[in-house]
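Novice: Protein sequence lines correspond, in order, to chains V and B. Just so you know, the first sequence maps onto residues 3 to 275 in my numbering. Just so you know, the second sequence maps onto residues 49 to 1265 in my numbering.
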Amino acid sequence: MSAASDSVYKLPYRNRVQTLQKLFPQLSVDTLKCVVAQECQRRMKGSHGRLTTSEAVEVLYKRYTNSISMSEEPGILIRLSDENGLTPALLARSIIERHYQKSDKTKPAKLLVSTLMKNTALIDDRDLAFETYLCLLEDDEYGPIAEATKQSVGYEYEIRLRMELEKCRVSFLHEEHLRVKGYDKTPDIKLEIPVAVDGQVINWIESKALFGDEEVHRGYLKDQLYSYWNRFGPGLVIYWFGYVEDLEKIHQNRIILIRDALPMNMIFMEQNS
Amino acid sequence: MASLFLDLVFGDVPLIHVFTWLTNGTVHEDIQELLTNETENVRYSFPLLLANFIREQSSCLLKLHNVNPSEQNIVSSPKREIFIPTVHNLSLGSPSPNSRNGGNCQETRRIRKVTPQRLDLSNDSAFPSLQQSAQLREIPKKRRINPTQLVDSPVSRVQFGSYSKPSPPPITGNAFNQAKEQASPKSFDQERALLKEKKQQLTIPAMPDLVNNTSKTWTCVEPDMNFVTRQTELDRLSALVSFCVSRHLISSLYNEIHFLIQLLVIRVSPAKLKQAHLAAGSSSLLLGSVHNCVYFSAKTLETLEEVWRHVDPTTLQQLMRNPRLLLFSPEWVNGKLTRLFSSLKTEDRIPPQKTVANVAFQSETDNRFNFASDSSFQFFRKQRDQFCEVWQIWKVNSSIPSWNMALGLQKMIQSLVDLRRDCVNYAHLARLFRSQLLNVAQLVKPVNYEEERNGPLGQLQSSDPDKLRRLRERLINPPDSRPTRCVGSESDIKMNFEGDQEFFRDFILLAASPSFNEHLKNNLLSGIQDLSSSDDCDDRSQFAENVIALQVMAKFLAFLHFYPHASADHLPEHVFHNLSRLRMSQREPIDLVSYIKEAFHKGRLVLVIPWVVTYLTLADPVAFSLPGFHSVLCHLIFIYRKAELTPANAFLVRVSLSWLFNQPNFPLPLLAKSDEELVVQLRHHSLAVDDQLPQLDRSTHLVDPSLIHQCCPYLWSWKHLLAEFACSDAKSSGEGKASVSRKITPVSAEESPSPVKTPNVKSLQQSLEENFFQNQPASVKRTVEFVAERLASNVVRDIRHQIIPRLVHNAQASLKTWRDSFATVKDPVESLCRQLCLDVRNESISSATSAVASIESTLTALLPNDLLPPVQRVCVVIASKLTHGKVVDWIHLHVTNGLFKNDLEVELAKLDKNVNRRLTSTPSATVNDNLPVVHDPATLAPSFLIERLKTLIRQVIRDASKVTGQEVAELLASTDGTLHRRVDVTPAVSKCLQQLTFDFLFILCVFQPESVGSQTIVAWVEFWSRAYPSRESAVLLETEEQQPPGASTSIWQVLTPKQLLLLAQSTAPRESWTLVSTLLVQLMKAGLIRYKDVQEQAVAVVRQEWPQMNIRNVYCCWWWTALVAISATVGPPLLCDGLKVTGFRVPSLALYGSDVELDCAFSAARNAKLYSVKWYQNHEEFYRYMFEERTPVTAFTRPGINVDVSFNIAIISKNIE
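1. So, with DSSP's three-state summary, where would you put G214/V?
2. Would S377/B be called buried (16 or more neighbouring beta carbons within 10 Å of its own) or exposed?
3. Compare the C-beta of Q103/V against all C-beta atoms of chain B and say whether one is closer than 9 angstroms.
4. Within 10 Å of its beta-carbon, does I269/V have 16 or more other beta-carbons around it, so buried, or fewer, so exposed?
5. Helix or strand or just coil, what does DSSP make of K1222/B?
6. Which residues bound the alpha helix (DSSP H) around V1119/B?
7. Just to confirm, is the Cβ distance from L334/B to L288/B under 9 angstroms?
8. Would you please verify whether the beta carbon of W231/V is less than 9 angstroms from any beta carbon of chain B?
9. With burial defined as no fewer than 16 other Cβ atoms inside 10 Å of the residue's Cβ, what is the status of N452/B: buried or exposed?
10. Starting from V276/B, trace the alpha helix (DSSP H) both ways and give me its first and last residue.
11. Within 9 angstroms of any Cβ in chain B, is that where the Cβ of S69/V sits?
12. Output the boundary residues of the alpha helix (DSSP H) element that contains T999/B.
13. Are three or more beta carbon pairs between the region 612–628 of chain B and the region 664–680 of chain B nearer than 8 angstroms?
14. Looking at chain V, which residues of the region 550–581 of chain B have a Cβ within less than 7 angstroms of any of its Cβ atoms?
15. Report yes if the CB atom of V1060/B is closer than 9 angstroms to the CB atom of V1102/B, and no otherwise.
16. Using a beta-carbon distance below 9 angstroms, is A150/V in contact with chain B?
17. At which residues does the beta strand (DSSP E) containing A1243/B begin and terminate?
18. Could you give the distance in angstroms between the alpha-carbon of Y1231/B and the alpha-carbon of D84/V?
19. Taking F174/V as part of the beta strand (DSSP E), name the residues at either end of that continuous run.
20. Under the three-state reduction of DSSP, which class applies to Y228/V: helix, strand or coil?
21. Let's see if you can read the secondary structure: which residues bound the alpha helix (DSSP H) around K192/V?
22. Beta-carbon within less than 6 angstroms of Q458/B's beta-carbon, same chain only, minus the 5 sequence neighbours each way: which residues are those?
23. In angstroms, rounded to a whole number, what distance separates the CA positions of Q28/V and L572/B?
24. Name the DSSP beta bridge partners of M632/B, please?
25. Please tell me whether E593/B has its Cβ less than 9 angstroms away from any Cβ of chain V.
26. Kindly give me the distance between the Cβ atoms of V832/B and A901/B, rounded to whole angstroms, as I take these residues to be in contact under 8 angstroms.
27. From the DSSP output, in three-state form, read off W938/B for me.
28. Give, in chain order, every residue of the region 98–126 of chain V whose Cβ lies closer than 8 angstroms to some Cβ of chain B.
29. Using a Cβ-Cβ distance cut-off of 9 angstroms, determine whether E1229/B contacts chain V.
30. Considering only the beta carbon of each residue, do Y245/V and G214/V sit closer than 9 angstroms?
31. Please classify E60/V as buried or exposed, where buried requires at least 16 other C-beta atoms within 10 Å of its C-beta.
32. Under 9 angstroms between C-beta atoms, does K459/B make it to chain V?
33. Are the region 406–422 of chain B and the region 382–393 of chain B touching, with three or more C-beta to C-beta distances below 8 angstroms?
34. How about S106/B and S706/B: do their beta carbons lie closer than 9 angstroms?
35. Looking at the structure shown, is R588/B part of a helix, part of a strand, or coil, going by DSSP?
36. Does the Cβ of P256/B have 16 or more other Cβ atoms within 10 Å, making it buried, or fewer, making it exposed?
And the structure:
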């Protein structure tokens, strides 16, 4: 799996999932998609600031308006995106921001822009609206549709985890319960009665519907997993789409197990005295 | 005074008389003359003086003791020159050693003489004497640091620092040989590697010298039974000492034993001895020779059986294996001591393991309701994580010597401590700090005794490298060098913390936050209070936990309290007095005297004394002179002398106390005071109540050697002395390690003792109740209070989570009805709040009453069985009353009008907003409410569905790939399934699906009208109206002015510039138009689009400029506009398919300034009544025809347009500019 996540950097941007699929037929499409998505996000994190300075956007906007006045074929923004490196949705967002800029050249309100992104029909310029729409269809990582997909996948696996746990008759509280009870940090699952997995006791489970590479994992450790460990002790994180080997080494002495599915060899506390 | 002892020891007065005198003061006539007049004073100072006397007697010899290798090093030779001893046996007739006996004692010493010689390293055969002399006892220094040297070294490696294993001396061929053989070379190799590594890490400058030191070998005088002089006198002295120690007359138990062991392992080189003899004539002393010292020590140690029963197995083992002891009292060693050791071994000594190292989040104490505000809660969340982070960083890095905590963590610590300057946060942080501290203090490091015996260092290395480091530090600074320094100095206070406690100490120092310190102090105080009076001590492990926890808390409390008074310098007299005057009125943070008194009366000294001692040990020199301290110390001395405890408990208490008395700042005169002078008010207690409390002091199972060693780490030094001797003596790397077994569980706090009676104020009933509990076992009261407390808490939780939300919801609903009905009540919120408050109170009370019903069964189960039924009934009544009272208190405190006002006002504001926007639907109706309970995994996952729709749309637009009607129908079915038969559809996803399905259908209408029939459209619209009822999606923008002109945010955007642009791309415009108009009509019919919205959309379209469109597109566009204008103006009820635009004429070109005719023909169905027709130029309306109006035509004059209102419905003339 780490091979896949390494080779993704060397591939051309478009259709990488398909290419990877041919290279690594043993891996699932979901895993590959995740690998690609994470690489893309990483790349954007690195270059987004540079590509969206007001000067850069001005240049892009000029090019866009030129193309429009030349009555080029639809798909102008997508072509621009291919050329420039910003993902289509991010590019469209920049162009919208520029298009709706106020008279003093300041950016429009964020809320307005995201409303327009969510419902492109509301964009008053028909060309921009259509171009943006095409961009959103093209972008798998950014934009409201991609966001909704990601959110949906995450929630889907959370639900799946809950159901599997229920099937195993594990008693647990989930995030919403914990929030009602006023917990400051809420793992997806907090086991009310701990179970043991492969000789380790776990007290909570976090579901991650993505591919766990080191950077992703470090991020989660810092923001979530260590916080859970601090509060509830050892736990388990599930990367449903696989993870890089040896990831557990990062935690040093803090025990957080990593799996890619709910372990079926859980050992329960003896209930009958 | 010394003469008194000399007379006693050398005389023939029966010692029994001295003992009687010491115990009760009766002076037998035999000792009358010895004591002369000042009997009473002497009696109490006698033990102290005795201790001094022995020290004087042996001081000359002890001075010569080669204990500190670095001393040796001062006179050591340059590195490359190595001296190897050659040994001659020779007898020295000693110069008449004893002045008193007139030198008639002929003493012969066996001495090995050391003659330094230059060594040729390359030549092995140069040292035959070394291999051959069987009696040679070479003592390599610092064997414990570098134990590999002890293995048979290959010939080639005989060089600098190496040690050739001598052939085993026949005399000691027992325990030591075994020990040596047990240690496998391999483990030694490992140890060596480990030590090397450690050495390299450790950049203490002394280290190279130490390493160098190992090359030194030296000889010493071997004690021999035959050379012991004045055996009878020594026996008498030994009897005196052991009597004083075992009767607790000598108050420094720890120190005496330490001293005796020192005597046992004394090692003096003959050369030095010779020098010393010439200088001081020390042989005149009773303990002036090694033989005498060892004899005396062995005899005395033998009698102190009480002590050995309580030390840990390693110390015992060291004693058993000590060759000198074996030589001088073989019977004892082989008999009692061995039996004792084996009895200890057979004991089940598996320490309870505690593996959880983190502080658990307790929702009872840690959740939002324990904070004053959200921000405070959020900040503490950060503080908690940062604290754990700091702790983890420390744990990882602390063993790296080059790592500096101040550099690494100071910023982080300071920022986290003062992240929010708020008492609530400080209090929580202090609690977290304490919990973590206690957790760590009790963490068990599993110890395997077998392994420890075989290779302690190896074992240590694998289990705890940090400990090894500390051990090494101690080797460099042996603990017995400590008392010579001023304990008040900063570094000394710091020294009391070891291992993980260093982190907490440094945390406090680096945080440097007075507020945090204050809160921490309070927290520790309350922790000590709680644990000291805790009852859960019956269990052994629980008790051990409590003792350790108390000690740790006391230590940190003392640190916080005394650290400001620390000084690195020795204080001059006047400064000392000034300081002590300044602190005269200073209050101790903790009332030790009352703690001690209470402990004494209730028989809990064994729990309290260890932490009191720990606390006092950290006190600075000035503090010991304060009057408040004086009384505490007096009490402690009294307890040392008089307290009656079971043996193990007594040992723990006394050894702790003796450590305190041994502190250099301790005012020694106090120890010599008589019982009466101590002015201790410890009266004997006889209250019946206390019978219920566990008398900890009387129990025999609580204290075991491992606990004692944990509480008194300084006992380590005994082992240290023995082990050091053993190491250098017999090549066994026996480095004892204190067995550690720790574990903690926080103990619930007990209510403070019952309040003082003030009958005047209290009602008769209350005092009755008080008396009731007074005469019942204390557990009854606790049980009743506990049950009441828990029940009340449950009721309150029920109120908070069930009753209040339900009633508030109802109130919000009624607020809505009020809003809808436009009732006349002026301020609904106020009255509603009042009503709500009443309701909540009533419901809460009734819920409390129903909860109380279960009290009887609960209490019956919990209360003692032998209580009379009436007593039980009273308990039930009291518990119910208490529960009720607590609930009512809570209600009065929390359930106020203000509690609901906020909720209701927010709701009202929401309603107002909605009214302004003419939204009639309930805003609370979300998709979630419609969620089914059953989850059907067979339906498509939402993410998959989104992906599929997206791909389809893309393909239709971009690749013009065909979608069949069949596929469309299937898609509808699966979307329906996903939305209604899955539980994992979030609102955002549902909205996204709404958008995508609509887009999909619209795009199909445009690009593939052939695969969409009007039936399909009807089906989809029907689905939407089911799935997304009554425009709940129409969330308006917060700031109106930012809205794009004329647009609402509804998803059903049929008539927007974008959609029009799409339509313009249609290859079959007619079909597409028809379908789209059907779609529009259906949407309006279903109520998804409002008539008003369509109008707005149409206006927005017309306002657009369509400059560079080709003719066909313009045509479409105008055509479209007209359609819109007309269809939109038809009232929704009458909307039907009958309206059609039949003709539409607009010249595409016209001469500038000429008139043009714009023509729009339409036919309406029979019942259709047209409302209006409007024409726009660019963004402005210039003509309007209202069918029902009296003057239907309105023309707006625009620059460049003159409207001629003359023809049929509308004739427009327009001047082309």
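Even for Gly, the Cβ is constructed at its ideal location relative to N, Cα and C.
Specialist: With the given structure in hand:
1. Note: G214/V maps to strand in three-state DSSP.
2. Residue environment: S377/B is assigned as buried (16 or more neighbouring CB atoms within 10 Å of its CB, all protein chains considered).
3. The Cβ of Q103/V sits no closer than 9 angstroms to any Cβ of chain B.
4. A residue is called buried when at least 16 other Cβ atoms come within 10 angstroms of its Cβ; I269/V does not meet this threshold and is exposed.
5. Three-state DSSP puts K1222/B in a strand.
6. First, the residue type needs correcting, since residue 1119/B is Glu and not Val in the sequence shown. Counting along the chain, the alpha helix (DSSP H) containing E1119/B begins and ends at 1117–1133.
7. For L334/B and L288/B, no; Cβs fall outside 9 angstroms.
8. For W231/V, the nearest beta carbon of chain B is closer than 9 angstroms to its own beta carbon.
9. By the C-beta density criterion, N452/B is exposed, having fewer than 16 other C-beta atoms within 10 angstroms.
10. No alpha helix (DSSP H) contains V276/B, which DSSP labels as neither H nor E.
11. False, the Cβ-Cβ gap to chain B never drops below 9 angstroms.
12. Judged by DSSP secondary structure, T999/B falls within the alpha helix (DSSP H) whose first and last residues are 990–1002.
13. With the cut-off at 8 angstroms, the region 612–628 of chain B and the region 664–680 of chain B touch.
14. So the list is empty, because no residue satisfies the distance condition.
15. Taking 9 angstroms as the Cβ cut-off, V1060/B and V1102/B do not qualify as a contacting pair.
16. The beta-carbon of A150/V is placed less than 9 angstroms from the nearest beta-carbon of chain B.
17. For A1243/B, the enclosing beta strand (DSSP E) begins and ends at 1241–1243.
18. Roughly 47 angstroms between the two C-alpha positions.
19. For F174/V, the uninterrupted beta strand (DSSP E) run begins and ends at 174–176, by DSSP.
20. The answer is helix: DSSP assigns Y228/V an H, G or I state.
21. According to the DSSP assignment, K192/V belongs to no alpha helix (DSSP H) but to the beta strand (DSSP E) extending over 191–199.
22. Contacts found: L558.
23. Going by the C-alpha atoms only, they are around 59 angstroms apart.
24. Bridge partners of M632/B: none, in fact.
25. Chain V contact via Cβ: absent.
26. With a beta-carbon spacing of about 16 angstroms, V832/B and A901/B fall beyond the 8 angstroms limit used to define contacts.
27. Here DSSP, grouped into helix, strand and coil, assigns W938/B to helix.
28. Here the close residues are P110, A111, L113, L114, T117, L118, K120, N121, T122, A123, L124, I125, D126.
29. For E1229/B, the answer is no, since every Cβ of chain V falls outside 9 angstroms of its Cβ.
30. Contact flag set, yes.
31. Burial call: exposed.
32. Answer no: the Cβ-Cβ gap between K459/B and chain V never drops below 9 angstroms.
33. Segments in contact, no.
34. The answer is no: Cβ separation not under 9 angstroms.
35. The three-state reading of DSSP puts R588/B in helix, counting H, G and I together.
36. Because the pLDDT at P256/B is just 39, under 50, the model does not fix this residue reliably, and the value given afterwards should be weighed accordingly. Counting Cβ neighbours within 10 Å, P256/B comes out exposed, since fewer than 16 surround it.
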